[in-house]
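Asks:
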Amino acid sequence: MLRDPTYLPERRVLEKWADGFVDRDGKFVNEFQTTFESSMWELYLHAYLKEIGAEVDFAHHAPDFVVERPVKFCIEAAIAAPAVGGDPAIGYDATAIPEDFAEFNEAAAIRIANTLSAKISKHRSSYAKLPHAKDQPFVIAIAAFDRPFAHFAASRPIMAALYGMRYDEEAAKALGPSAKEIPKFPVSSATKINGAEVPLGFFCDDRASEVSAVIYSCLATWGKIRALADNPDALSFYQTLHPSDNGIIPELRCAIKRDYSEHLLDGLHIFHNPFAKHPLGVDALGHARLAQFNIIDGRLCTIEPDDFLLMRMVRSVQTHG
């Protein structure tokens, strides 16, 4: 698809992301063609690190990014993938829109928790023993590609997986749109279809203390590439959601491609671990366009722009001549 001249602007976005990226094992090109989502996520993270002025040392084969300056830390990239036999995050239509968002969010939290567990195990068995990664801050970067309309879950599943906070969608409906915040309650696990319990709240105690922070996005998708592409004549329509001062209903913005703009880091989340052995300051990963979260004195503290990108939906306009 990317070889089609129609997608030249999108290809240029990817080329910009990839500028300076080093394929250390010679497998990236093949993986990009076969597992697009995970490879795209790595390129996005590379672009993010360039945007915040981080210097990456590509001399090491693992973890994925070894940052040397201005602060030393390591990043391992991962995606929350569909369950075995589950529907992929591409090739769907409106019939796949979830009806029960509480169930949808819980299932997404399980996929994220599984991804976290796998990467923490990998760090303990391998990365923590590498000279360049030993005793350094370790960051896991997760992108959500676990189901159709995965972006609809926004930050709900990652909040449950890390901070053990579940938002009560039904209570929010009962309160009405003028409510100032969505009710939430503590949760320690989620139940799989087979009845097995999956632990949540990785950052509620020291069980994942080797993880300094988690980078998360459900919007670093093909939609991000389309949004950044310099293609004003594209027949596409953008709908975005942003925080509102008037209640829990987000502000809806609509624009055609010619009038739409989006920053590379819009929609990106950073979640800090209050129990981290090697904590990272907000400046190490920060940027004015992203959101950062931490638990301080038992309270969720947030740094984010007023117009933070909560969700983006792109619709292509079909013409018939």
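Residue numbers (full-length UniProt numbering): 1 to 321. In this text, a Cβ means the ideal position worked out from N, Cα and C, and glycines have one as well.
1. For residue 322, tell me which candidate among L162, G164, A161, K184 has the shortest Cα-Cα distance.
2. Which whole runs of the beta strand (DSSP E) in the segment 82–164 are 3 residues long or more, in chain order?
3. Would you mind stating whether T115 and A83 have Cβ atoms separated by less than 8 angstroms?
4. Hey, quick one: how far does the alpha helix (DSSP H) through A80 stretch, first residue to last?
5. Considering Cα atoms alone, identify which of T221, G247, L265, T240 is closest to A143.
6. With DSSP collapsed to three states, give me the class of I215.
7. Report the option in P63, P88, F152 whose CA atom is closest to the CA atom of E37.
8. Roughly how many whole angstroms lie between the Cα atoms of I90 and P186?
9. Can the beta-carbon of F65 be found closer than 8 angstroms to that of V56?
10. Assess contact between the segment 129–148 and the segment 48–63, defined as three or more Cβ pairs (one per stretch) separated by less than 8 angstroms. Is contact present?
11. Go ahead and label A94 buried or exposed: buried means 16 or more other beta carbons lie within 10 angstroms of its beta carbon, across all protein chains shown.
12. Kindly provide the ranges of any alpha helix (DSSP H) runs that are 4 or more residues long and lie completely inside the segment 163–187, ordered along the chain.
13. I'd like to confirm the pairing. Which residues does DSSP put opposite A190 in its beta bridges?
14. Taking the CB atoms as reference points, tell me whether L309 and H242 lie closer together than 8 angstroms.
15. Tell me the DSSP secondary structure of E31 in three-state form.
16. Please list, in chain order, all residues of the same chain as P98 whose beta carbon is under 6 angstroms from its beta carbon, the five residues on each side excluded.
17. Please state whether DSSP places Y7 in a helix, a strand or coil.
18. With distance defined between alpha-carbon atoms, name the residue in D245, P148, E262, P5 nearest to S178.
19. Using 8 angstroms as the Cβ pair cut-off and three pairs as the minimum, do the segment 196–215 and the segment 274–284 touch?
20. Give the single residue among H263, D259, S261, G286 whose Cα lies nearest to the Cα of I270.
21. Rounded to whole angstroms, what's the CA-CA distance from P9 to T34? Just pull it up for me.
22. On the DSSP bridge list, what partners appear for Y238?
23. To the nearest whole angstrom, what separates the beta carbons of V29 and I225, a pair I think is in contact under 8 angstroms?
24. What's the gap between the Cα of T207 and the Cα of Y127?
25. Give me, in chain order, the residues of the same chain whose beta-carbon lies closer than 7 angstroms to that of T191; leave out the 5 immediate sequence neighbours on both sides.
26. Kindly confirm or deny that the segment 16–25 and the segment 37–53 touch, where touching means at least three C-beta pairs closer than 8 angstroms.
27. Do you know offhand how far E106's Cα is from D23's?
28. Go ahead and label Y216 buried or exposed: buried means 16 or more other beta carbons lie within 10 angstroms of its beta carbon, across all protein chains shown.
29. Using C-beta distances below 6 angstroms, list every residue in its chain close to D266, excluding the 5 sequence neighbours before and after it, in chain order.
30. L235 and V317 look like a contact to me (Cβ under 8 angstroms); what is the Cβ gap, rounded to whole Å?
31. Given that a residue counts as buried once 16 or more other Cβ atoms are within 10 Å of its Cβ, and exposed if not, what is T6?
32. Give every residue of the same chain whose Cβ lies closer than 6 angstroms to the Cβ of C254, excluding the five residues on either side of it in the sequence, and list them in chain order.
33. For M313, which of Y260, A284, I296 has the nearest alpha-carbon?
34. Our contact map puts I112 next to A161 with C-beta atoms below 8 angstroms; I'd like the distance itself, whole angstroms only.
Replies: According to the structure shown:
1. In the structure as shown, the chain begins at 1 and stops at 321. Residue 322 is therefore absent and cannot be evaluated.
2. 138–144
3. no
4. First-last for A80: 73–80, but that is the beta strand (DSSP E), not the alpha helix (DSSP H).
5. T221
6. strand
7. P88
8. 32 angstroms
9. yes
10. yes
11. exposed
12. 169–175
13. V198
14. yes
15. helix
16. F104
17. helix
18. D245
19. yes
20. G286
21. 22 angstroms
22. A255, V314
23. Between I225 and V29 the Cβ distance is about 18 angstroms, and since that is not below 8 angstroms, they are no contact.
24. Per the sequence presented here, residue 207 reads as Arg, with Thr not at that position. Their backbone Cα atoms lie some 17 angstroms apart in a straight line.
25. E197
26. yes
27. 36 angstroms
28. buried
29. R289, L309
30. 4 angstroms
31. exposed
32. Q239
33. Y260
34. 4 angstroms
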